[in-house]
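Quick note on numbering: my numbering labels position 165 of the sequence shown as 166, and the sequence is numbered without any gaps.
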Amino acid sequence: MERVRIVEVGPRDGLQNEAQAIPTATKLELIARLVAAGCQTIEATAFVSPKWVPQMADHDAVLRALQHEDVAYPVLTPNLKGFEAAVSAGVREIAVFAAASETFSQRNINCSIAESLARFAPVMEAAGQAGVKVRGYVSCALGCPYEGEIAPQAVARVAQDLTHMGCYEISLGDTIGVGVPKRVKALIACVTELVAVEKLAGHFHDTYGMGAANAWAAYQEGVRVFDASVAGLGGCPYAKGASGNVATEDLVWMFERSGVETGIDLRKLVDCAVWMSSQLGRPPASRVARALQG
Ligand code: HMG
Ligand code: MG
Numbered sequence: 002m003e004r005v006r007i008v009e010v011g012p013r014d015g016l017q018n019e020a021q022a023i024p025t026a027t028k029l030e031l032i033a034r035l036v037a038a039g040c041q042t043i044e045a046t047a048f049v050s051p052k053w054v055p056q057m058a059d060h061d062a063v064l065r066a067l068q069h070e071d072v073a074y075p076v077l078t079p080n081l082k083g084f085e086a087a088v089s090a091g092v093r094e095i096a097v098f099a100a101a102s103e104t105f106s107q108r109n110i111n112c113s114i115a116e117s118l119a120r121f122a123p124v125m126e127a128a129g130q131a132g133v134k135v136r137g138y139v140s141c142a143l144g145c146p147y148e149g150e151i152a153p154q155a156v157a158r159v160a161q162d163l164t165h166m167g168c169y170e171i172s173l174g175d176t177i178g179v180g181v182p183k184r185v186k187a188l189i190a191c192v193t194e195l196v197a198v199e200k201l202a203g204h205f206h207d208t209y210g211m212g213a214a215n216a217w218a219a220y221q222e223g224v225r226v227f228d229a230s231v232a233g234l235g236g237c238p239y240a241k242g243a244s245g246n247v248a249t250e251d252l253v254w255m256f257e258r259s260g261v262e263t264g265i266d267l268r269k270l271v272d273c274a275v276w277m278s279s280q281l282g283r284p285p286a287s288r289v290a291r292a293l294q295g
């Protein structure tokens, strides 16, 4: 049977932009419920500056509380300082995050694309020595909130650089959800000239409701790893207009009903989506959760 791997990013991408303070205990319960639903990879938090992203300030407490041997808990690390803090909290996998847009790179991590890659180099080296796996992100893969259109070749170059530096997987981020299936296919065709499709993941924000359609387009091009956020939570604080990731339950519904295994229990996932949304005082953003709830 065909299979995809879902990377649940709700506890990080889903919550990083949330205006209300979310207790660490709530984040940990969210993660426990995701594990119970069958999620095998859960991006747990971000070791970024608390001045830049206050919602992730409890990264140390979150990561230290996570013990499951059979679940991967990658965390974002923008530099060596974040990496070292993550290692002391017991990290086994990290993600470095670059962009295909110079302006977004400046606004998000306060440096150029080239500077960001130079900053990642010692992180990659230290991760190699510590036996920590590294995933790479390329943001603005289908458009930038500041520069508009981004050439697929620019995405491909950064993806290739990250691969050469040692990232085992490259997640192509449609940060503001402006992609549509035809453009997704063109992007994958261009990137796979430089990076094998087996190394790619799709990270689609659902701003215009195209997240699931874009994931399916990428699937048809051979991509088998997809990032998603339970209940469709999320957005990037440095990308105005970015709404949540495609909802995990939307992807699970779409893939399982198409005969593609995800390993995730849809009923438990929807219960988790409804529970987390109630913690935030709003209904789940996803149509699938609303259709199946209760
Ligand atoms: P900077 O201000 O240039 O950093 O920020 P700096 O090196 O000049 O240091 C300034 C201060 O920050 C110092 O503290 C450092 O110690 C501290 P001070 O002396 O002023 O008290 N600092 C840190 N503190 C904690 N953890 C760290 C760290 N590094 C420095 N790792 C920096 C540069 C990269 C730190 C900052 O810009 C930052 O944290 N940015 C993160 C922004 C972010 O998290 N954005 C959201 C995630 S990306 C995303 O959502 C897109 C994605 O989902 C894919 C997609 O959708 O496209 C992945
Ligand atoms: Mg994102």
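For every residue, glycine included, the Cβ atom is placed at its ideal position computed from N, Cα and C.
With a beta-carbon spacing of about 7 Å, I171 and A202 fall inside the 8 Å limit used to define contacts. The beta carbon of P146 sits closer than 8 Å to the beta carbons of F105, T176, I177, A240, K241, G242 and A243 from its chain, once the five residues preceding and following it are set aside; these are given in chain order. Using a Cβ distance threshold of 8 Å, M2 and G260 count as a contacting pair. Short note on N246: C-beta closer than 7 Å to some heavy atom of ligand 2.
Straight across, the Cα-Cα distance linking A157 with E222 is about 15 Å. In the three-state DSSP reduction, A214 falls in the helix class (H, G or I).
Going by beta carbons, G83 and F48 fall inside the 8 Å limit. Straight-line measurement puts the Cα of E103 at about 10 Å from the Cα of E116. When secondary structure is reduced to three states using DSSP, H204 falls in the strand class. Distances from the alpha-carbon of A218 to those of G180, V135, G235 and G245 put G180 closest. F227 has I7 and G203 as its beta-bridge partners, per DSSP. Judged by DSSP in its simplified three-state form, C273 adopts helix.
Look at K134 here: in three-state DSSP terms it is strand. Annotation for F105: the continuous alpha helix (DSSP H) segment containing it runs E103 to I110. Short note on N215: C-beta not closer than 7 Å to any heavy atom of ligand 1.
In this model, A142 and Q17 are separated by some 20 Å (Cα to Cα). Relative to the Cα of R65, the nearest Cα in the group P51, I43 and S89 belongs to S89. Taking 7 Å as the cut-off, the C-beta of V179 does not count as close to any heavy atom of ligand 1. Taken from the Cβ of A115, every heavy atom of ligand 1 lies 7 Å or farther away.
Annotation: the continuous beta strand (DSSP E) that includes L173 extends over E170 to D175. DSSP lists R4 as the bridge partner or partners of E262. Q154 places its beta carbon 8 Å or farther from that of C112.
Rounded to whole angstroms, the Cβ separation of A292 and G233 is 13 Å, and the two are not in contact under 8 Å.
Secondary structure note for E30: its alpha helix (DSSP H) is the uninterrupted segment T25 to A37.
Separation of R288 and V10 (C-alpha to C-alpha, rounded to the nearest whole angstrom) is 19 Å.
Going by C-alpha positions, A274 is about 38 Å away from A119.
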